[in-house]
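S.K.: Below is the structure I would like to discuss, written out as structure tokens.
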Amino acid sequence: MLNLLYLLAAVAFILGLKLLSSPRTAVPGNMLAAAGMFVAVVATLLIGGVVDLPIVLAGIAAGALVGALLAAFTPMTAMPEMVALLNGFGGAASALVAGAEMLRVHGVEDESFAVVPVIAIAAALLIGAVTFSGSMVAFLRLREWLIGGRATVFGGQHLLNLGLFLAALAAAVVFARDPRPGAAVYALVAIAGVLGVLLVIPIGGADMPVVICLLNSYSGIAAATTGFVINNNGLIISGSLVGASGIILTNIMCKAMNRSFTNVLFGGFGATVSGGAGGAAAAALPVRAGDAEEAAMILEAARSVVIAPGYGMAVAQAQHAVKELADELEKRGVDIKYAIHPVAGRMPGHMNVLLAEASVPYEQLYEMDQINPSFGETDVVLVIGANDVVNPAAKTDPSSPIYGMPVLDVEKARTVMVIKRSLNPGFAGIDNPLYYLSNTMMLFGDAKKMAVALAQAVKSL
Amino acid sequence: MLNLLYLLAAVAFILGLKLLSSPRTAVPGNMLAAAGMFVAVVATLLIGGVVDLPIVLAGIAAGALVGALLAAFTPMTAMPEMVALLNGFGGAASALVAGAEMLRVHGVEDESFAVVPVIAIAAALLIGAVTFSGSMVAFLRLREWLIGGRATVFGGQHLLNLGLFLAALAAAVVFARDPRPGAAVYALVAIAGVLGVLLVIPIGGADMPVVICLLNSYSGIAAATTGFVINNNGLIISGSLVGASGIILTNIMCKAMNRSFTNVLFGGFGATVSGGAGGAAAAALPVRAGDAEEAAMILEAARSVVIAPGYGMAVAQAQHAVKELADELEKRGVDIKYAIHPVAGRMPGHMNVLLAEASVPYEQLYEMDQINPSFGETDVVLVIGANDVVNPAAKTDPSSPIYGMPVLDVEKARTVMVIKRSLNPGFAGIDNPLYYLSNTMMLFGDAKKMAVALAQAVKSL
Amino acid sequence: MQIGVPKERRSGERRVALVPDTVKRLAAAGHELLVEAGAGIAAGYPDEEYAQGGATLTDAAAPWAGEIVVKVDRPLPDEVAQLRPGAVLVAMLQHLTEPELVNALARGGVTAFAMDWMPRITRAQDMDARSSMSTVQGYEAVLLGAELLPRMMPMMMTAAGTVAPARVLVIGAGVAGLSAIATARRLGAVVEGFDVRPATREQVESLGARFLAMDTELADTQDAQGYARAQSDEILELERQTLARRLPSVDLVIPTALIPGKTPPLLLTRAMVESMRAGSVIVDVAAPFGGNCELTRPGEIVEHGGVRVVGAWDLESRKAYHASQMYSRNVLNYLNYLIKDKTLALALDDELVSFPLITHGGEVRAAGGGA
Amino acid sequence: MQIGVPKERRSGERRVALVPDTVKRLAAAGHELLVEAGAGIAAGYPDEEYAQGGATLTDAAAPWAGEIVVKVDRPLPDEVAQLRPGAVLVAMLQHLTEPELVNALARGGVTAFAMDWMPRITRAQDMDARSSMSTVQGYEAVLLGAELLPRMMPMMMTAAGTVAPARVLVIGAGVAGLSAIATARRLGAVVEGFDVRPATREQVESLGARFLAMDTELADTQDAQGYARAQSDEILELERQTLARRLPSVDLVIPTALIPGKTPPLLLTRAMVESMRAGSVIVDVAAPFGGNCELTRPGEIVEHGGVRVVGAWDLESRKAYHASQMYSRNVLNYLNYLIKDKTLALALDDELVSFPLITHGGEVRAAGGGA
Amino acid sequence: MEGLVMLLTVFVLAVFVGFEVISKVPPTVHTPLMSGSNAISGITILGAVIAAGAAVSTGMRWLGFAAVVLATINVVGGFAVTHRMLGMFRGKGRGRKG
Amino acid sequence: MEGLVMLLTVFVLAVFVGFEVISKVPPTVHTPLMSGSNAISGITILGAVIAAGAAVSTGMRWLGFAAVVLATINVVGGFAVTHRMLGMFRGKGRGRKG
Ligand SMILES: NC(=O)c1ccc[n+]([C@@H]2O[C@H](COP(=O)([O-])OP(=O)(O)OC[C@H]3O[C@@H](n4cnc5c(N)ncnc54)[C@H](OP(=O)(O)O)[C@@H]3O)[C@@H](O)[C@H]2O)c1
Ligand SMILES: NC(=O)c1ccc[n+]([C@@H]2O[C@H](COP(=O)([O-])OP(=O)(O)OC[C@H]3O[C@@H](n4cnc5c(N)ncnc54)[C@H](OP(=O)(O)O)[C@@H]3O)[C@@H](O)[C@H]2O)c1
Ligand SMILES: NC(=O)c1ccc[n+]([C@@H]2O[C@H](COP(=O)([O-])OP(=O)(O)OC[C@H]3O[C@@H](n4cnc5c(N)ncnc54)[C@H](O)[C@@H]3O)[C@@H](O)[C@H]2O)c1
Ligand SMILES: NC(=O)c1ccc[n+]([C@@H]2O[C@H](COP(=O)([O-])OP(=O)(O)OC[C@H]3O[C@@H](n4cnc5c(N)ncnc54)[C@H](O)[C@@H]3O)[C@@H](O)[C@H]2O)c1
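Just so you know, the protein sequences line up as chains A, B, C, D, E and F, in that order.
If you use my numbering, the first sequence closes out at 664, no skipped numbers anywhere.
If you use my numbering, the second sequence closes out at 664, no skipped numbers anywhere.
If you use my numbering, the third sequence closes out at 452, no skipped numbers anywhere.
If you use my numbering, the fourth sequence closes out at 452, no skipped numbers anywhere.
If you use my numbering, the fifth sequence closes out at 104, no skipped numbers anywhere.
If you use my numbering, the sixth sequence closes out at 104, no skipped numbers anywhere.
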């Protein structure tokens, strides 16, 4: 019966995760998962062989109170560290359960105690401890209580990590041969804790979410391992579910943030990528590089998209592809406008010729003065091979050679996407601060190819 | 140990299916799945409690021989019916195993025989028999040994199916109360067999693959049910895997063929599409209506494609979409030419204006006299909204009002695809024999929409 | 057979009935070609090319003595006299507008084919000079209009402000009208098309232009040949009302409405022209038949309240090179159709022969307006 | 401030320096506008609109008494005399070609700004009359050429045979050249562009046209302003060889090559013109400065061996409505830049002020060719 | 009971895997995939082997034997046919490059 | 042994489900999904409850108690936080329709 209910809970989790992965259905997804959890916990309390109910209920009450308060009073901006903290608690809980189980083994002094649970205990301790300490570092880092937001990288780090991991394994082996509290198990936990710290510190603040996601996967694995320890189906299914999906999610997030997955897995994925063949000064600043899939999702979800074409669209002869992308978006109810800067391109009316060739209706073309006031309410601006004409330095930087020229106020939009091949400057030969803004996503590539890729990605959403 | 090996086999199946779903990896995928099967069978033979090895080996040898011969000597064109036949055998085997198991129950006369396996036996018999008879009908239909290729639909069919299903259920209940060979079980099998026939006969020849896929899913479910009968993990995992993925694949195929999934599930998704608002005279003659996916595959595989546009392309303003399709094909190494008939459209140079607007290079445009000699070596001609200008009656039928007008000799190409909305005539108001030729595939729909769909289908190949 | 190609003498005419390429093909088929020296010069075809093509360059009289005489325009009265009895004349006769000429031809015993009176059927399209000339007219009308406009056609958003696209209204969406629509669209103008035949809506839209619809549904506006019928006065008034609403915002108007054998409908009155903006242009393609505009004077540019009304009548001649090429191709196709085994066999039961045959055996035939 | 807008008097000039829309904006900013009656008529802007915009319509003399006088062309000698000392003149002075005028302006104590001599920097683009006028020139040159050609521009495959597309060669891919390329492409011609500045290759291709490359790689062909440098005789000879190979198959040539302050390079010799087909057309946009073609005579159409060479000099006036609109927008932007708080403060350390400032305080400034 | 729940658990999870494992399938591999998964559904051969090999009665033995034969045909034929189909279009792939 | 194999089977299948269940995730839901799945990983609460509720020694009881507290924080906090995050952007979603 218990296992049947656990199965039910597991199904709820699976469906919950599935629903959670689409914005439209995420809320019911979360509720379904919570309901599954509720069923599993109540079932355990009632028919899970709980003897000492008061202490359990006390623990649950205390935990629920703290959890609810934390959730209610954490500011929205502090969500990532909150998740890190909670995740650390989950890992710790797994390790503690493993520890308790070890004590039971010790307590009953039953020599016949199978080898598998012992290995599982060691593994749960190891993974739980890594999860806990790693999550705590991530939490502190995000709270900026630790080392600021910068990554700490040092030579030989990978070697050290490897050494520590081997040491932990050795301790685990010693413990498995004699599964009782003692030096071996303490060493195991201590080493694991250090390992968790070392895995996280090389990672920069901006990349923390990826790490938290990975640690979340670890805590799932810890739970599954604990399941093997206490021979519990529910833990195994749910834990391995979270473990596996967490890894996939980590991978997805890595792609979205243009990071290498292997680097994350092994820690120390280091300094943020420098922006392609960017200008010398630029290399120091971080840019967010996106890919077609990610951009397509954002575009598809937008209500209004303004396309700001420039000389790069002309060079790439991307006008037809751009029109096709716009058509696809319009089909999905997105409102499309084109913002034509008076000097975009290399001749007066350059954009007009090309867009007319691609049969873009004149009604969708807006002059700069018409459209500038509306950027504030625009969800996404898609800048295609334009540079000088969207350079905010013209408004803000009196030392800029284009200071005073009116430009498209694209940076006021919620999201700005820029298609160009590199961070190289345009006609005026100057760097563009737009590319380094937090609401800008760079889509590096030839304008035509990227527009085609975007259209295709939108279609296949 | 046995279950561990079954798990291994199951993993092989899962990965195999995954690999099979991409053309690049399909071959290793198939091999992996076969290897998994080999492991599972050998394990069962060795440690599955087989007592009477000779008879089993004899059976396997016989089956392997027949299977290999069938596989080796079936012509490539007969593959779908081959799959139907094999699938029927699988379903039959499941039913037989369930029957054998029933005999065991009967044999041991053990009153304590659990209720679950009995239900499972009934279910396995039912599903297995449906799979078998349905597959056989599909096989015979495809071989054209039965009722030609036409669908048989009659009123009240759904009601009859429902009645039969309820009757089968009743028989199953009777059987479960007294699980021994007898009237109930025979009735069950017989009814199931009839049900299988009825589910398949309403389906037209062109839609058979979808049905076979669904029956394949059923045979998976039959295997899983059998797994519950004999308490075998391997059967359960693999069977449910096939059952579930088969349903998904059926759904995918339905979408690709523009069929309703529910209609397939409940049988009788009806007669082949009649050619839209086709001409009265035309309705009598058979045309081959294709869909975008099918057409895309042929286009993608072609070396040379000639596009013959007409007034319909202009009406649909499909020129940009056509250019995009051509671009996609060119990217894949297909040679593209446009055949411009001098009076295509409604004004001199009509096609030129539109194609120039879509930036089709002049070099790809060929006059009728230039291109007519080369149609014989053309793989595919894609006629887009042209009618009179590709009407072979102009050459062959002296009574035709357009007799003597030179037309594009598109029918000489290996394959002709015609995009138009119906079988309605064009400007000259006359029927076009081209549409009824055996090498012609009609793609019914608005030219722009169809061109977009083709481009997308080509991209997603 | 002997085929004569005289030089065109109508003033302003620059076309030639056969270009060297078609001459070569006819010569290759065994015909003897008598081409008046200098016949093709104005269209851009020098005498040498004719000579190379196998033609004999002659004086002005010789071509008229040919068994077949091919011309662009109908012959002038003195030219008719030069035709031998029994000779075959192939030209755009515009016979409906000049019965006198037709009678003269009949009297002279001339077998006269009207290249501008081919049946409007798919099979006859490659001989249909009306279509090919209309194509040139529509193109050239827009080019001429664009050139006369003080505005530019396409929209341009520049540092010096936005240049609004020109608005073009094409009245009559036959072959010339559609060609005009296509050309104006190419230049980036905002184009509307207007016609009484409902079938034209789809055709206008098939060129990416807007169709200007009347408030009333019209029925039965088209005859068997696809030509428009003359409309009642009420309908014409309704048409004018529809057009009048658009005119104040239109920069270029290209009227092309014709009804074979009738005076073209009056669709633009003086008052309507006065409602247009100064600087606007009307290129009246119907001018040779009287025009669709009240102010049109064929062959002249009338300026009225800042609006220029072009009585376009030499549009084809302004593109004489290609117009000649296309016309001569029509003629070639027709001669090839008529002449079997080097003789002309008149299958009078064949629509393609009988329809354009205006005079024959001394008589004016039914199609030619005779009994 | 008082801003005078005299009527343009150069013969053939149809533009006007300010259009009613800009007049309205300046009036709204508190300026007094003295517009000569009839100044805008030729460009399509009637006097009433100026009056409505807040201008005072005056006789011919009054505008010249304004504190600021805005014109399109440089003033005629007698007009210079009418300017008050200390007055500000804003016009396309073409000062490099007429030192005499510059001296006269300096002598008269006029502060003269050359709208055609804006620095070629991004910031100055909306005041750069050279760009906006070049845009019009390129467009109109193609239209004029297309109109003069006896051929049609686009390819058409018709029942009367295939009409081959016209081949257009644009020499000099500056603003006018690019505009010409775009227009010819719109009309469906097969277009090639040619220039000495390597950066133009990408620009030509960005309009979908082909770039005609020379066999030699050229370096250092561009000065700091983006203008081409004068090329050595060898290079010019190489250029002519490259062009000569194309000319026999080209129908329309649009030369636009200029070097500021110098005579335009001679790129089309008589012999080269003779190699072209009869009926071809050359529209020499460089004509006002002497032309790129040996046969060019500014303001005339020279026919030579069947090729017509148009010494285009009033291209902008042929599109006077839009040309005036764009020019007056440039002027408006520049005045807005110069005038702060209703007074003109000359920040001579500002490139945008000092670069186009030709005479000031009785002296010819360095930019103006002075010491 | 517990055993049955375990089987059910396995069943449910396998169904989920089956639902998720194939998502985007290009039409080219529709038929091979169907055929391959049909071969996998021949897994019922295990049941057949057990039924035939551990029969408790002649009837059961013969039913089992028949099941073994049919299931083996399904398995062997299925995988072989799939392989042939795939071979065809691998061949095509090669042909195109050449 | 058989029991362990069953657990392993369940584990392997669940891992497959986990791998497949999420494939295309728009960036907007990255964080909520992570947070939700983090809450699910609090399933270890079951182990904690059993450890605390069926402790055989005081040490075990207190370890179990600590585990229950931490795991509950994880579960309750996790789901609640996820809900809050989603609430934020459900507002946006509603905005779209409006
Ligand atoms: N409109 C006129 O009349 C005129 C005339 C002369 C000069 N200008 C000047 O030109 C500039 C126009 O501004 P703009 O924003 O249009 O152009 P821009 O500032 O020159 O920037 C164009 C950008 O497009 C990118 N690009 C080039 N080829 C590309 C390709 N194939 N695919 C994707 N991206 C490509 C380049 O970046 P990557 O190299 O990184 O790809 C470049 O930064 C202004 O400074 C204006 O003053 C205008
Ligand atoms: N070129 C000229 O100068 C000229 C002038 C006048 C007449 N014509 C005549 O026009 C004809 C031209 O031949 P053609 O082959 O180009 O055209 P057509 O024979 O008129 O056939 C056009 C076909 O396009 C289909 N169609 C229409 N709208 C469509 C849409 N939105 N999507 C897909 N298909 C669509 C129609 O079939 P459905 O309704 O089934 O879709 C129709 O059968 C000739 O008979 C010619 O003589 C030509
Ligand atoms: N199948 C063929 O061989 C062929 C070839 C060419 C043209 N056609 C058809 O012939 C027909 C006539 O073509 P055309 O260009 O010679 O016509 P046209 O020159 O006689 O007339 C031009 C246009 O003016 C329109 N018109 C007449 N009266 C009007 C009015 N009162 N108001 C508005 N518009 C008016 C006509 O409808 C026509 O579209 C068209 O239907 C065309 O498609 C057929
Ligand atoms: N950023 C700005 O504000 C701005 C604005 C407009 C133009 N520009 C730039 O200014 C430059 C000049 O533009 P323009 O149109 O005024 O030039 P222009 O009118 O002076 O010359 C026209 C063209 O002729 C070319 N040319 C000169 N000598 C030649 C020769 N011997 N052979 C072939 N071609 C020759 C030049 O390279 C130029 O492209 C261009 O680089 C243009 O992009 C910049």
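For glycine and all other residues, C-beta sits at the position ideal for the given N, C-alpha and C.
1) Is any heavy atom of ligand 6 found at a distance shorter than 7 Å from the C-beta of A/Ile622?
2) If we call anything under 8 Å between Cβ atoms a contact, is C/Glu117 one with C/Val153?
3) So D/Met196 and D/Ala185 are supposed to be a Cβ contact under 8 Å. How far apart are they, rounded?
4) If we cut at 8 Å on Cβ distances, does E/Val81 have a partner in chain A?
5) Just to confirm, are A/Leu418 and A/Asn290 a CB contact at a threshold of 8 Å?
6) Does any residue of chain B have a CB that is nearer than 8 Å to the CB of E/Val87?
7) DSSP state of D/Gln312, grouped into three classes?
8) To be precise: take each residue of the segment 619-638 of chain B, compare its Cβ to all Cβ atoms of chain C, and keep it if any distance is under 8 Å. Which residues remain?
9) Hey, quick one: how far does the alpha helix (DSSP H) through D/Tyr131 stretch, first residue to last?
10) Taking the straight line between their C-alpha atoms, what separation do you get for C/Gly167 and C/Thr440?
11) Among all the DSSP beta bridges, which residues are the ones paired with D/Pro336?
12) Compute the distance between the beta-carbons of C/Leu224 and C/Ala193, then report whether it is under 8 Å.
13) Apart from the five residues just before and just after C/Leu396, which ones in its own chain have a Cβ nearer than 8 Å to its Cβ?
14) Hey, how far is the Cα of B/Asp424 from the Cα of B/Ala332?
15) Pull the bridge partners of B/Pro512 from the DSSP assignment, please.
16) Which value, in whole angstroms, describes the spacing of the CA atoms of D/Ser356 and C/Val100?
17) Residues in its own chain within less than 7 Å of E/Thr37 by CB, not counting five upstream and five downstream?
18) Between the beta-carbon of A/Met282 and the beta-carbon of A/Ala341, is there less than 8 Å?
19) Under 8 Å between C-beta atoms, does A/Asn206 make it to chain E?
20) With a threshold of 7 Å (Cβ to nearest heavy atom), would B/Arg549 be considered close to ligand 3?
21) With distances taken Cα to Cα, identify the nearest neighbour of A/Met550 among D/Ala447, D/Gly255 and D/Gly386.
M.R.: Considering the structure as presented:
1) Of the ligands this structure carries, namely ligand 1, ligand 2, ligand 3 and ligand 4, none is ligand 6.
2) Along the third sequence, one-based indexing puts residue 117 of chain C at 36. Along the third sequence, one-based indexing puts residue 153 of chain C at 72. No, the Cβ-Cβ distance between C/Glu117 and C/Val153 is not below 8 Å.
3) The residue labelled residue 196 of chain D in the question sits at position 115 within the fourth sequence. The residue labelled residue 185 of chain D in the question sits at position 104 within the fourth sequence. Not confirmed; about 18 Å, so no contact.
4) Against the fifth sequence, residue 81 of chain E aligns to sequence position 75. No, E/Val81 lies away from the interface with chain A (no Cβ there is under 8 Å from its Cβ).
5) Your numbering for residue 418 of chain A matches position 215 in the first sequence. Your numbering for residue 290 of chain A matches position 87 in the first sequence. Contact flag set, yes.
6) Against the fifth sequence, residue 87 of chain E aligns to sequence position 81. Yes, E/Val87 lies at the interface with chain B (some Cβ there is under 8 Å from its Cβ).
7) Residue numbering aside, residue 312 of chain D sits at position 231 when the fourth sequence is read from its first letter. D/Gln312: coil per DSSP, three-state reduction.
8) Phe630 and Ala631
9) Numbered from 1 along the fourth sequence, position 50 holds the residue referred to as residue 131 of chain D. D/Tyr131 -> alpha helix (DSSP H) spans Asp128 to Gly134.
10) Translated into the one-based positions of the third sequence, residue 167 of chain C becomes position 86. Translated into the one-based positions of the third sequence, residue 440 of chain C becomes position 359. Spanning the two alpha carbons is a distance of roughly 11 Å.
11) Stepping through the fourth sequence from its first residue, residue 336 of chain D is reached at position 255. Note: D/Pro336 sits in a beta bridge opposite D/Ile252.
12) Against the third sequence, residue 224 of chain C aligns to sequence position 143. Against the third sequence, residue 193 of chain C aligns to sequence position 112. In this structure, C/Ala193 does not lie closer than 8 Å to C/Leu224 by Cβ.
13) Locating residue 396 of chain C in the third sequence gives position 315, counting from the first residue. Result list for C/Leu396: Val217, Gln218, Glu221, Ala222, Leu225 and Val366, in chain order.
14) The residue given as residue 424 of chain B occupies position 221 in the second sequence. The residue given as residue 332 of chain B occupies position 129 in the second sequence. Checking the sequence shown, residue 424 of chain B turns out to be Ile, not Asp. Their backbone Cα atoms lie some 12 Å apart in a straight line.
15) Residue 512 of chain B sits at position 309 when you count from the first residue of the second sequence. Beta-bridge pairing links B/Pro512 to B/Ile587.
16) To locate residue 356 of chain D, count along the fourth sequence from 1; it is residue 275. To locate residue 100 of chain C, count along the third sequence from 1; it is residue 19. Going by the C-alpha atoms only, they are around 22 Å apart.
17) Translated into positions along the fifth sequence, residue 37 of chain E becomes position 31. Cβ neighbours of E/Thr37 beyond the five flanking positions: Met91.
18) Here residue 282 of chain A is taken as the residue at index 79 of the first sequence, counted from 1. Here residue 341 of chain A is taken as the residue at index 138 of the first sequence, counted from 1. For A/Met282 and A/Ala341, no; Cβs fall outside 8 Å.
19) For the purposes of this step, residue 206 of chain A is taken as residue 3 along the first sequence, with counting starting at 1. A/Asn206 counts as touching chain E.
20) By 1-based counting over the second sequence, the position of residue 549 of chain B is 346. Indeed, a heavy atom of ligand 3 lies less than 7 Å from the Cβ.
21) Counted from its first residue, the first sequence places residue 550 of chain A at position 347. With distances taken between Cα atoms, A/Met550 lies closest to D/Gly255.
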